[in-house]
Each structure stands twice: as C-alpha cells, then as structure tokens.
Amino acid sequence: KGYFTYDPGFVSTASCESKITYIDGEKGVLLHRGYPIEVLADKSDYLETCYLLLHGELPSQSEYEEFVGIITNHTMVHESISRFFRGFHYDSHPMAMMCGIVGALSAFYHDSLDISNARHRIISAHRLIAKVPTLAAMCYKHSQGQPFMYPNNSLSYSENFLHMMFGTPCNDPDVSPVLANAMDKIFLLHADHEQNASTSTVRLAGSSGANPFACIAAGIATLWGPAHGGANEAVLNMLEEIGDEKNIDKFVARAKDKDDPFRLMGFGHRVYKNFDPRSKVMKKVCDEVLSELGLEDDPLLRIAKRLEQIALEDEYFIQKKLYPNVDFYSGIIMKAIGIPKDMFTVIFATGRTVGWIAHWHEMITDGYKIGRPRQLYTGAPIREFPERDSRK
Ligand code: CMC
39 KGYFTYDPGF
49 VSTASCESKI
59 TYIDGEKGVL
69 LHRGYPIEVL
79 ADKSDYLETC
89 YLLLHGELPS
99 QSEYEEFVGI
109 ITNHTMVHES
119 ISRFFRGFHY
129 DSHPMAMMCG
139 IVGALSAFYH
149 DSLDISNARH
159 RIISAHRLIA
169 KVPTLAAMCY
179 KHSQGQPFMY
189 PNNSLSYSEN
199 FLHMMFGTPC
209 NDPDVSPVLA
219 NAMDKIFLLH
229 ADHEQNASTS
239 TVRLAGSSGA
249 NPFACIAAGI
259 ATLWGPAHGG
269 ANEAVLNMLE
279 EIGDEKNIDK
289 FVARAKDKDD
299 PFRLMGFGHR
309 VYKNFDPRSK
319 VMKKVCDEVL
329 SELGLEDDPL
339 LRIAKRLEQI
349 ALEDEYFIQK
359 KLYPNVDFYS
369 GIIMKAIGIP
379 KDMFTVIFAT
389 GRTVGWIAHW
399 HEMITDGYKI
409 GRPRQLYTGA
419 PIREFPERDS
429 RK
C-alpha cells in the first residue's frame, strides 16, 4: 500500500545493526558477542557477562577485577531516593515504583545528560548496573514496611541482592551459595535478548537524544506488560488457580481444547521453536534450589513439577513443541526463594538493565537517526469544517 512497507509489530523490519546478541530460534541458539548462552552460564558470571555485553570482549583478570570494583562502588543510592520511596503507597506495584525511580536518577546525575561524552555514557551504564538491584530491593522493603538495607560491598552482586532483599538490621543471615548462584543465573539468562519490545523502546527513546536513565525507565515500562516480562508472574497466577494436583488434568485438557482460549503459562515460545537454550540451564538451577530448600513437597511447586512432566511426555505438547520456557522455571525458582510474584518482573528488569544500556550505548556510539515509523492513515479524508450550530 502506498510508499511504505506495512509491518505491524515490526515482524519483518530490522530497525538497526547490532553486534551484541544473535538468536537463531529454529536451532535454539542464543549468542552474546559470539559466545553461546549455555557456555556463559557455565563458565562466566553475571558481572563478567555485563562487561562482555557492554564492551564487546571478555575482560582479562585485571579488567574483570576493576569492573567488579567499579560496580560494587556504585551500589549505594542517594539518601534522597529513600524519601522518594516514602511517597509511594505501601501496596504500589514494584514495577510502578521502578519506572519512576529509575527515570528520576537523571535528576541526581547531571553528567548523564551529556550523552555525547563517551566517559559519561559508561559511568551512567555502571551506575545503572550497580544501582538497579539496590532500587529493586528497596521496592520490596517498602512493600513490607521494613527498613531499607544498605548494600554490603563485601558480598558478590547476587549475594548482595539477596542480602538487601531478605536481611534486616536485626537479622542478616548468610546467603546460601546455592541461592546466590540461582540469582546470578537468573540475572545472566535475562541479560539480553536482542530487539525485543523493551530494548527496541530503549533504542527509540534514545534516538531522540534522551538521557540513559530516562531511556531505561521507558524500557522498564515496556517490560511490565504481561506479554513481555510479566509472563513469569502469570505462571504463578496459573499455579495458584490450579490450586491442587487433582485439578491438573482439567487444566491440561483445557489447554489442549481448540475452543478454549486457556493456555498453560510458561509453555511454548515465539522465537525458539525447538528449545530455548536458557530454559535448560534454568531447569538445572531450579532442581538445585528445590533440593537445597527441601521444597519438593510444597503444594504449588508439586503442581509445577507435574505440569513440567506432562509437557515433556504428552503427545500434544511434544508435537507442538510446547516445552517449559525460561519464565516457567524462573517463576518457580523465585517462588521457592521467597520472592513475591509481583517482584518477578522487577528481577527480570534488573538482569536486563545491562542489555538495554549496552544497546543504547552501541546506538549512540555508532551513530543513529531519530526513530520515526510511518503509518497507514485510515481516517477521514479532507473535509469542510461545519459551524457548531449546523452540526447534528
Ligand atoms: N498452552 C497450550 N497450547 C499452546 C500454548 C500453551 N502455552 N502455546 C501455544 N499453544 C498452541 C496453540 O493453541 C496453537 O495450537 P494450534 O496450532 O492448534 O492452533 C499452537 O500451540 C501454536 O501456538 P501459537 O500461538 O501460534 O504460537 P506462538 O509462537 O504464536 O506463541 C507463545 C508463542 C509464547 C505466545 C505461546 O506459546 C504462549 O502463549 N505461551 C504461554 C505464555 C508464555 O509462557 N509466555 C512466555 C514466553 S517466553 C518469553 C521470553 O522469552 O521472555
């Protein structure tokens, strides 16, 4: 039609060139800067993967130590931020708080406004990677009415996150290495996924020259939708709706019924049609966490394990390639760790922050045009303006 390619949902339009992430959905391949995600999950850790995404190469030992040191030194947030939190009602959705607070960081770091300065861009990236977990944990503490916990710089990135989430000034237990490893893997497996809706939003916002904190806030807002980052929360809602193992067959039958719109949340994937390399890693971590916490008998988690078994054995699910996806396992892991379901998308956002900022940095560094999609106009043609007293 006309002069433009009509492509709703941008399913066949490449909006940019990028060297960061490669996906082959048919073959189940996800590469960051050329390294397979399963290899990174096995041999690397979240912060090293952040360095790789941001800088393009794996760090040497000294570069790694320097990077970890920089991120660790940026984990605190300005004291005024805690006053911001107090303005939110106690039952505010944590993603609502995250959209506002992350955008507000640009009010504290004026150097972030100078996006033409490469040094300032990298400092903003470091601040975001370091501070988003602190802010995420503050959202949780605010909802619980508990005091905010300051970051502890002697802990690793993931240990520190669990410390800020579950520690209190009167009881700050050591973080289990199995749970810290699970958190690290959740962050790492969510670190980037090329031009998904939130990353494309960050690029589009950035293409106007907006500052990085404002762009990431736009990404967080986009991730909030149930069709994007909200799926892991939907998994938990579904498990609660099933409620009892005796109801599983009924729900599975509904999922197979062509006339019933019900779908099993956490199963299937739009891009990965054979398998999602991330869910293999997540499944292993999930088994480790459940056994560490002795939660194999938790009623909700038993429903989840039974559903997993059905999906892996039942002809309908095998034929349609509806294996459990990354959100299925991450939802179960976070539930087992004790993270409430309205925090799940916040944790996705925490891991994805590096992907967003890496794409923003790449775009600003490589040069860009302001994003300006066209439209097919379907409204009224030009017409006469009728005087008000002549209108019906
Ligand atoms: N339960 C039951 N049947 C399903 C499901 C499901 N979860 N997913 C797809 N199907 C069926 C669907 O009814 C269709 O059957 P038929 O061929 O008889 O019409 C067939 O499988 C293909 O479905 P589709 O909608 O054409 O597949 P899609 O690639 O467009 O959808 C999906 C992919 C993820 C949207 C879909 O599988 C789904 O809705 N899953 C549940 C929600 C979910 O877990 N989302 C998170 C995805 S992972 C996100 C991430 O990577 O971050």
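The opening residue of the sequence shown carries number 39 in the UniProt record's numbering; numbering runs sequentially from there. All C-beta atoms in this analysis are idealised placements derived from N, C-alpha and C, irrespective of residue type, glycine included.
Alpha helix (DSSP H) segment containing L242, residue limits: Per DSSP, L242 belongs to the alpha helix (DSSP H) from 235 to 244.
message: Run through the DSSP bridge pairs and tell me what I61 is partnered with.
response: Assignment of beta-bridge partners to I61 by DSSP yields L68.
query: Is the beta carbon of A342 within less than 7 Å of some heavy atom of ligand 1?
result: Result no, Cβ not under 7 Å from ligand 1.
message: For a quick check, are the C-beta atoms of M202 and T172 less than 8 Å apart?
response: Annotated as proximal: M202 and T172, with beta-carbon spacing under 8 Å.
- request: Using three-state DSSP, classify N155 as helix, strand or coil.
  value: Secondary structure at N155: coil, using DSSP grouped into helix, strand and coil.
- prompt: What are the residues that DSSP puts in a beta bridge with N270?
  reply: The bridge partners DSSP lists for N270 come to none.
- prompt: Under three-state DSSP, which class holds P378?
  reply: DSSP places P378 in coil when its eight states are reduced to three.
- prompt: Which residues are close to ligand 1, meaning CB closer than 6 Å to any heavy atom, in chain order?
  reply: Those satisfying the condition are, in chain order, A269, A293, K296, R301, L302, M303, G304, F305, G306, H307, R308, K358, L360, N363, V364, D365.
- prompt: If you drop the 5 nearest sequence neighbours on each side, which residues of the same chain put their C-beta closer than 8 Å to that of V67?
  reply: Non-local C-beta neighbours of V67 in its own chain, meaning closer than 8 Å and more than five positions away in sequence, comprise Y60, I61, P74, P315, ordered along the chain.
field: Helix, strand or coil at F48 according to DSSP, with G and I counted as helix
entry: DSSP, read as helix, strand or coil, puts F48 in helix.
Three-way DSSP call (helix, strand, coil) for Y354 in this model: DSSP places Y354 in helix when its eight states are reduced to three.
- prompt: How would you label G205, buried or exposed, when you count the other beta carbons within 10 angstroms and need 16 or more for buried?
  reply: With 16 or more Cβ atoms within 10 Å of its Cβ, G205 is classed as buried.
- prompt: Run through DSSP, which three-state label would F126 get?
  reply: It is coil, neither helix nor strand.
message: Helix, strand or coil, according to DSSP, for R410 in the structure here?
response: Here R410 sits in coil by DSSP.
task: Determine, using beta carbons only, whether G267 and A79 come nearer to each other than 8 Å.
output: In this structure, A79 does not lie closer than 8 Å to G267 by Cβ.
- prompt: Under the DSSP definition of a beta bridge, which residues are partnered with P362?
  reply: Partner(s): F305.
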